[in-house]
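Trainee: Counting from 1, position 55 in the sequence shown corresponds to residue 61 in our numbering; the numbering is continuous, with no gaps. Would you mind keeping the following structure in view while I ask a few things?
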Amino acid sequence: MLKIDGEKKNISELVPMIMAKLQSALEVADVPDLLIAIVNVITEIANKYPEVFSKHFSDTVDILIGWHIDATQQQSVIEFTSNTLIGFQQFWISDINFTITLLGQFLEDMESYAEVIPYRTLPLHGSHDTHFLENFCRFSPHHDP
Numbered sequence: 007m008l009k010i011d012g013e014k015k016n017i018s019e020l021v022p023m024i025m026a027k028l029q030s031a032l033e034v035a036d037v038p039d040l041l042i043a044i045v046n047v048i049t050e051i052a053n054k055y056p057e058v059f060s061k062h063f064s065d066t067v068d069i070l071i072g073w074h075i076d077a078t079q080q081q082s083v084i085e086f087t088s089n090t091l092i093g094f095q096q097f098w099i100s101d102i103n104f105t106i107t108l109l110g111q112f113l114e115d116m117e118s119y120a121e122v123i124p125y126r127t128l129p130l131h132g133s134h135d136t137h138f139l140e141n142f143c144r145f146s147p148h149h150d151p
């Protein structure tokens, strides 16, 4: 038991407040080491207290995707965010409306990207982040081989 201000509390009673503080810290994290430290704790909460994390799932995903698509990030940060997002599988399934909406936005972005940048100028050389775009452009009506 944890004793706070003269009263005993079970740690599980504090998890919602801890998660809210972590979410706030995640929103202002501006260096990879801080991001990783915060997300590691959030992942533990997600695993042990999924009902608490589920309320923060979409906000957490938005931030992780922002870090993931930042072209200036090191490969290790991109892999970390990717693995974390994949690890949230149960939450993607539980919040299927959010998942479908996000996929729709992603496809719209890919369509816009394919229209703006001619296929031949894309730097598609097999990196793990470009496989989807390469396959998308290959089947795009705008692609002329």
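Glycine included, every Cβ here is placed at the ideal spot set by N, Cα and C.
By Cβ distance, which residues of its chain are closer than 6 Å to Pro22, with the 5 residues on each side in sequence left out?
Mentor: Taking the first residue of the sequence shown as position 1, residue 22 is located at position 16. Excluding sequence neighbours, Pro22 sits near Val58.
Trainee: Assuming Leu70 and Thr87 make a contact with CB atoms under 8 Å, what is their CB distance in whole Å?
Mentor: Counting from 1 along the sequence shown, the entry for residue 70 is found at position 64. Counting from 1 along the sequence shown, the entry for residue 87 is found at position 81. About 5 Å; that satisfies the 8 Å criterion.
Trainee: As a quick exercise: from Ile24, Asp36 and Asp39, pick the residue whose alpha carbon is nearest that of Tyr55.
Mentor: If you number the sequence shown from 1, residue 55 lands on position 49. Tyr55 has its Cα closest to that of Ile24, out of Ile24, Asp36 and Asp39.
Trainee: Apart from the five residues just before and just after Leu20, which ones in its own chain have a Cβ nearer than 6 Å to its Cβ?
Mentor: By 1-based counting over the sequence shown, the position of residue 20 is 14. No residues qualify anywhere along the chain.
Trainee: Pull up the distance between the alpha-carbon of Asp135 and that of Ala120, whole angstroms please.
Mentor: Within the sequence shown, the letter at position 129 stands for residue 135. Within the sequence shown, the letter at position 114 stands for residue 120. Low confidence applies here, because Asp135 scores a pLDDT of 49, under 50, leaving its location unreliable; read the following figure in that light. Using only the alpha carbons, I get a separation of about 15 Å.
Trainee: Determine the burial state of Ala77: buried for a count of at least 16 other Cβ atoms within 10 Å of its Cβ, exposed for fewer.
Mentor: By 1-based counting over the sequence shown, the position of residue 77 is 71. Exposed is the call here.
Trainee: Quick one: residues in its chain with C-beta nearer than 6 Å to the C-beta of Gly93, no 5 flanking neighbours on either side, listed in chain order?
Mentor: For the purposes of this step, residue 93 is taken as the residue at position 87 of the sequence shown. So the list is empty, once near-sequence residues are dropped.
Trainee: Could you give the distance in angstroms between the alpha-carbon of Gln96 and the alpha-carbon of Leu40?
Mentor: Taking the first residue of the sequence shown as position 1, residue 96 is located at position 90. Taking the first residue of the sequence shown as position 1, residue 40 is located at position 34. Cα to Cα, Gln96 sits roughly 25 Å from Leu40.
Trainee: Checking 7 Å against the spacing of the C-beta atoms, do Leu28 and Ile42 come in under that value?
Mentor: Position 22 of the sequence shown, counted from the start, is the residue given in the question as residue 28. Position 36 of the sequence shown, counted from the start, is the residue given in the question as residue 42. Going by C-beta atoms, Leu28 is not nearer than 7 Å to Ile42.
Trainee: Is the beta carbon of Phe104 less than 7 Å from the beta carbon of Ser64?
Mentor: Translated into positions along the sequence shown, residue 104 becomes position 98. Translated into positions along the sequence shown, residue 64 becomes position 58. The answer is yes: Cβ separation under 7 Å.
Trainee: Hey, Val67 and Pro38: beta-carbon distance below 7 Å or not?
Mentor: For the purposes of this step, residue 67 is taken as the residue at position 61 of the sequence shown. For the purposes of this step, residue 38 is taken as the residue at position 32 of the sequence shown. Not a contact, by the Cβ cut-off of 7 Å.
Trainee: At the level of alpha carbons, what is the spacing between Ala48 and Leu113?
Mentor: In the sequence shown, the residue the question calls residue 48 occupies position 42. In the sequence shown, the residue the question calls residue 113 occupies position 107. Note that residue 48 corresponds to Ile in the displayed sequence, not to Ala. In a straight line, the C-alpha of Ile48 is about 28 Å away from that of Leu113.
Trainee: Buried or exposed: which applies to Ala26, given that a residue is buried once 16 or more other Cβ atoms fall within 10 Å of its Cβ?
Mentor: One-based indexing of the sequence shown puts residue 26 at position 20. Flag for Ala26 reads exposed.
Trainee: Only counting the same chain, and skipping five residues up and downstream in sequence, which positions put a Cβ closer than 6 Å to that of Leu32?
Mentor: Residue numbering aside, residue 32 sits at position 26 when the sequence shown is read from its first letter. Once the five neighbours on either side are set aside, the close Cβ partners of Leu32 are Ile44 and Ile69.
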